[in-house]
Amino acid sequence: MTPSDGTPPPFEPYRTKVVERIPNPSPSERQAALERAHYNLFQLRSDEIRVDLLTDSGTGAMSDRQWASLMLGDESYAGSRNFTHFESVVRELTGFPHIFPTHQGRAAENLLFSTFCRPGSIVPNNMHFDTTQAHVLHNGGRPVNLAISEAYDPESEMPFKGNVDLLALKALLELEGPEHIPLMMVTITNNTGGGQPVSLANLREVASLVHGRGIPLYLDMCRWAENAYFVREREPGQGDRTIAQIGREFFDLADGATMSAKKDGLVNIGGFVATRDPSVAERLNEAQILFEGFTTYGGLARRDLEAMAVGLVEATDLEYLEHRIAQIRYLGEQLAARGVPLLRPIGGHAVYLDVRRFLPHLSTEDLPGQALVVEIYREGAIRTVEVGSLMFGESDSGGKSLELVRLAVPRRVYSAAQLSYVADAVGRVYARRREIRGIRYVHRPDRLPHFTARFAPALPVTPSTG
Ligand SMILES: *Cc1c(COP(=O)(O)O)cnc(C)c1O
């Protein structure tokens with residue numbers, strides 16, 4: 002009998018209109034795939050994967066309304082009516098007047114940091130995401146992580162583990178003036194730290210601290226709707242407000258934002274950068290035209306802007322979000338019932354395995370997170386991702402770090418039965434955890450190493466029989 006915490010699976014508030022067959026590679030095919038991919042799961046082919054929890058980015062299912070909206074594409078180079086619609090939706094949701102579409106989130110980061118960041122610039126954030134950190138570094142800046150200390154304790158049940166450590170921020174602001182800190186970022190929800198939300202109360206304090214020094218505040222708003230859901234659920238006085246209202250209060254505290262619409266935009270490609278400041282807008286627009294494309298398409302087909310406009314509104318639907326968060330919790334509680342150590346509370350878009358408690362016999366040099374993603378793939382052809390010393394080796398977090406494996410759930414894609422399959426497979430890996438050996442680098446690139454690094458098992462394994 003498989004263990005379960007007794008919670009019934011959450012009701013999916015959608016039904017299937019199109020289906021896609023799922024591959025089922027055999028154990029020997031999985032081993033061959035691992036060898037071919039040099040034990041880097043980013044190098045696998047999708048037909049080698051049964052359940053793909055690598056990322057929730059651009060992997061969601063669009064709604065019938067979004068698919069229908071693609072037919073409304075007005076592919077004019079300049080002045081497309083899809084841009085006008087997209088712009089009015091983003092203005093309504095965020096209140097930011099100047100909006101520049103980009104092909105995805107890191108492109109928005111490229112525009113923002115090439116505008117703000119100079120060699121020697123310091124950029125504080127609750128926690129930088131991998132591409133955000135890479136863009137700060139690429140522009141000669143220093144990314145500094147200032148999340149509260151509970152964020153680094155996987156067992157703390159604190160409800161807003163995405164919050165900024167206000168004392169640490171104050172200390173940094175006293176040490177370094179606005180001439181060295183061109184902007185402050187806050188990531189909602191905090192992806193790197195377990196999909197954990199930031200409270201409205203915390204953002205109010207952050208805004209008042211940085212604005213008091215003349216430093217602008219930008220939000221990394223990829224999962225703003227999920228963040229607003231947690232605020233509605235957990236922050237006193239917020240329970241009767243809509244997601245759009247709560248979201249708007251976050252944006253009203255900020256000067257602008259970067260967005261990967263591949264997350265809470267419910268599209269497969271797209272993003273934007275937004276600002277209140279007309280002089281910043283002018284520079285973002287110049288960079289957009291240089292790197293992405295003209296103002297009214299920014300690296301996208303115009304039909305993509307239309308799908309984004311529809312998806313951004315669907316992401317604020319309470320019934321959709323209730324299922325989304327319940328589905329992640331369902332996966333988390335199924336894993337917990339099998340004894341698997343998790344980061345708590347369970348986050349908004351993913352369940353994060355606590356690698357230090359999962360594989361206590363391995364040290365950081367054994368790349369335990371990477372060893373675990375390889376074993377989970379071997380067990381169930383399930384793809385997950387390391388979020389730890391491999392992805393964030395050089396982060397400046399004052400000596401604190403997390404060692405996690407993320408099981409990110411694509412939006413509106415997998416059923417409860419498929420998530421139970423994942424929990425069973427990870428439970429079996431946990432049962433044989435003491436046999437798991439480390440992984441070592443064969444090739445380690447300098448920037449964003451996790452995407453293209455090559456690995457080998459630390460000890461010899463039996464060669465493939467397939
Ligand atoms: C995904 C993500 C980004 C980058 O967006 P892409 O669309 O993948 O380029 C930036 N910040 C956070 C928090 C993200 O989750």
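Numbering (the working numbering), first residue to last: 2 to 467. The beta carbon of each residue, even a glycine, is placed where N, CA and C say it ideally should be.
Just to confirm, does residue i get its C-beta within under 7 Å of one of the non-hydrogen atoms of ligand 1?
| i | result |
| --- | --- |
| Cys1 | No answer is possible for residue 1: it lies beyond the span of the chain, which begins at 2 and ends at 467. |
| Thr385 | no |
| Phe273 | no |
| Gln105 | yes |
| Thr470 | Missing from the structure shown is residue 470; the chain here goes from 2 to 467 and no further. |
| Thr453 | no |
| Lys263 | yes |
| Asn127 | no |
| Asp221 | yes |
| Asn192 | yes |
| Ser421 | no |
| Ser58 | yes |
| Thr296 | no |
| Thr85 | no |
| Thr188 | yes |
What distance in whole Å lies between the Cβ atoms of residue j and residue i, which are believed to be in contact at a cut-off of 8 Å?
| i | j | result |
| --- | --- | --- |
| Ala262 | Val268 | 5 Å |
| Gly349 | Phe252 | Wrong, their Cβ atoms sit about 18 Å apart, outside the cutoff. |
| Gln67 | Val311 | 5 Å |
| Tyr61 | Arg412 | In the sequence as displayed, the identity of residue 61 is Gly instead of Tyr. With a Cβ gap of about 3 Å, Gly61 and Arg412 count as contacting. |
| Thr259 | Glu88 | Actually they are not in contact, since the Cβ atoms of Thr259 and Glu88 sit about 16 Å apart, beyond 8 Å. |
| Glu322 | Leu408 | The displayed chain sequence assigns Leu, not Glu, to residue 322. Incorrect: roughly 19 Å between the Cβ atoms, too far for contact. |
| Arg51 | Ile383 | 6 Å |
| Leu336 | Leu343 | 6 Å |
| Phe101 | Leu285 | 5 Å |
| Arg448 | Ala135 | 6 Å |
| Glu293 | His104 | 6 Å |
| Gly163 | Val199 | 4 Å |
On the criterion of 16 or more Cβ atoms from any shown chain inside 10 Å, does residue i qualify as buried, or is it exposed?
| i | result |
| --- | --- |
| Tyr415 | buried |
| Gln371 | buried |
| Gln246 | exposed |
| Phe130 | buried |
| Asp241 | exposed |
| Gly340 | exposed |
| Tyr78 | exposed |
| Phe273 | buried |
| Val386 | buried |
| Gly121 | exposed |
| Pro237 | exposed |
| Met72 | exposed |
| Arg224 | buried |
| Thr297 | buried |
| Ser280 | exposed |
| Val211 | buried |
Can you tell me whether residue i sits near ligand 2, meaning its C-beta is under 7 Å from at least one heavy atom of the ligand?
| i | result |
| --- | --- |
| Ala316 | No copy of ligand 2 occurs in the structure displayed; its ligands are ligand 1 alone. |
Three CB pairs or more closer than 8 Å across the stretch 190–198 and the stretch 344–353: yes
contact_flag[the stretch 362–369, the stretch 435–444] where n(CB pairs < 8 Å) is 3 or more: yes
Meets three-Cβ-pair contact criterion under 8 Å: the stretch 389–402 and the stretch 295–305: no
Meets three-Cβ-pair contact criterion under 8 Å: the stretch 284–303 and the stretch 143–151: no
Touch test, the stretch 373–381 against the stretch 32–48, Cβ-Cβ under 8 Å, three pairs minimum: yes
The stretch 202–220 touching the stretch 41–58, judged by at least three CB pairs closer than 8 Å: no
Cβ contact check for the stretch 422–430 and the stretch 149–163: 3 or more pairs under 8 Å: no
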